[in-house]
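Worksheet: one structure, shown below.
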Amino acid sequence: MRPFSFASQLAPMIERYIAVRKDEGYLSNNHIYYLQELDLLSLSNLDKPFITKELVEKWDNAKPYLTNSTKIQRHNTIRKFAAFSFAQDGISYVPDTSKLRHNSIYSPHIFTYEEISFLIKAADNLPIRKNAPTRHLVVPAVIRLLYSSGLRINEALRLKMRDVDLDSGVITVYNGKCGKDRMVPVHSSVVDYLKMYSGQLANDREWFFPSSYGHYSSNAIYTIFRELLFLC
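In structure tokens:
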């Protein structure tokens with residue numbers, strides 16, 4: 242993982258937040274980057290050891306050229322940090338969840354069976370990369386699991402070895418949507434594939450879908466997914 246450093250008066254709280262969220266398996270590299278940007282913004286704007294309304298407003302207005310969906314992602318990352326800070330200090334400002342709203346005209350694409358087969362074939366032919374030595378193994382397995390099981394992307398990427406029982410064909414999802422745990426049965430054909438996939442990686446690894454720094458983030462998989470669509 243790339244090194245991050247923090248220098249504002251918010252730094253101790255940011256580092257505490259990162260440690261907690263990492264332990265929970267929730268924090269992506271992209272979110273840490275946002276926190277580093279917030280740290281720099283605080284440093285240059287009446288730096289205080291707690292979140293202020295003025296800081297949040299400056300954060301929301303910092304990059305007007307971004308798409309609304311990206312603005313919402315940035316805002317929500319900082320809102321979660323602000324909520325954590327308030328729970329710690331009792332004075333940090335936590336913005337309203339309705340501060341930013343979607344105005345997207347996005348229309349979902351329903352893939353045909355043929356398109357899915359093209360997508361899987363493209364994933365199976367990803368080249369090996371030295372800086373991402375598990376990518377060509379992880380991506381085809383992730384796509385097959387998502388397609389066949391209905392798991393949400395972050396639920397799949399946060400799976401640990403102990404959560405996946407390939408002998409019984411059952412995956413246990415901990416702290417899923419609404420904080421609930423559930424058991425997910427996996428089709429036998431996918432179980433067979435996952436056994437083959439897992440056999441090519443270290444048995445003592447922590448994450449079922451490991452990356453060079455921990456486990457893959459949803460942003461990384463999305464970027465690769467766009468690459469696969471282009472290849473198709």
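Count the sequence shown with this note's numbering and you get residues 242 to 473, in order.
We put the beta carbon where it would ideally sit given N, CA and C, even for glycine.
Treat the numbers as computed from the prediction; the structure is a model and nothing was measured.
{"query": "Beta-ladder partner(s) of histidine 456, from DSSP", "result": "Pro451"}
{"query": "The region 442-452 / the region 400-409 touching (three or more Cβ pairs under 8 Å)", "result": "yes"}
{"query": "Threonine 375 to isoleucine 412 span [Cα, whole Å]", "result": "21 Å"}
{"query": "Buried versus exposed call for methionine 238 [16 or more other C-beta atoms within 10 Å across all chains shown]", "result": "The chain is shown only over 242 to 473; residue 238 falls outside these bounds and no answer can be derived."}
{"query": "Same chain only: Cβ atoms within 7 Å of serine 285, ignoring 5 sequence neighbours per side", "result": "none"}
{"query": "Best match in Phe352, Val380, His350 and Lys371 for proximity to alanine 364 [C-alpha to C-alpha]", "result": "Val380"}
{"query": "Alpha carbon of arginine 393 to alpha carbon of alanine 461, nearest angstrom", "result": "15 Å"}
{"query": "Segments of 3+ residues assigned as beta strand (DSSP E) that fall wholly inside the region 393-470", "result": "411-414 and 423-426"}
{"query": "For aspartate 422, the nearest candidate out of Leu407, Lys312, Glu396 and Val432 (CA to CA)", "result": "Glu396"}
{"query": "Coarse secondary structure for histidine 373, derived from DSSP in three states", "result": "Strictly speaking, residue 373 in this sequence is alanine, with histidine absent from that position. Of the three classes helix, strand and coil, the one that applies to alanine 373 here is strand, per DSSP."}
{"query": "Three-way DSSP call (helix, strand, coil) for asparagine 317 in this model", "result": "helix"}
{"query": "In chain order, each alpha helix (DSSP H) run of at least 4 residues that lies wholly inside the region 262-324", "result": "270-284 and 294-301"}
{"query": "Aspartate 288 beta carbon less than 8 Å from that of glutamine 250", "result": "yes"}
{"query": "Threonine 338 versus Arg320, Ile351 and Ala260, residue with shortest Cα-Cα distance", "result": "Arg320"}
{"query": "Beta carbon of aspartate 330 nearer than 8 Å to that of phenylalanine 291", "result": "yes"}
{"query": "Own chain residues within Cβ distance below 8 Å of serine 283, not counting five before or after", "result": "Ser249, Gln250, Leu251, Lys289 and Leu296"}
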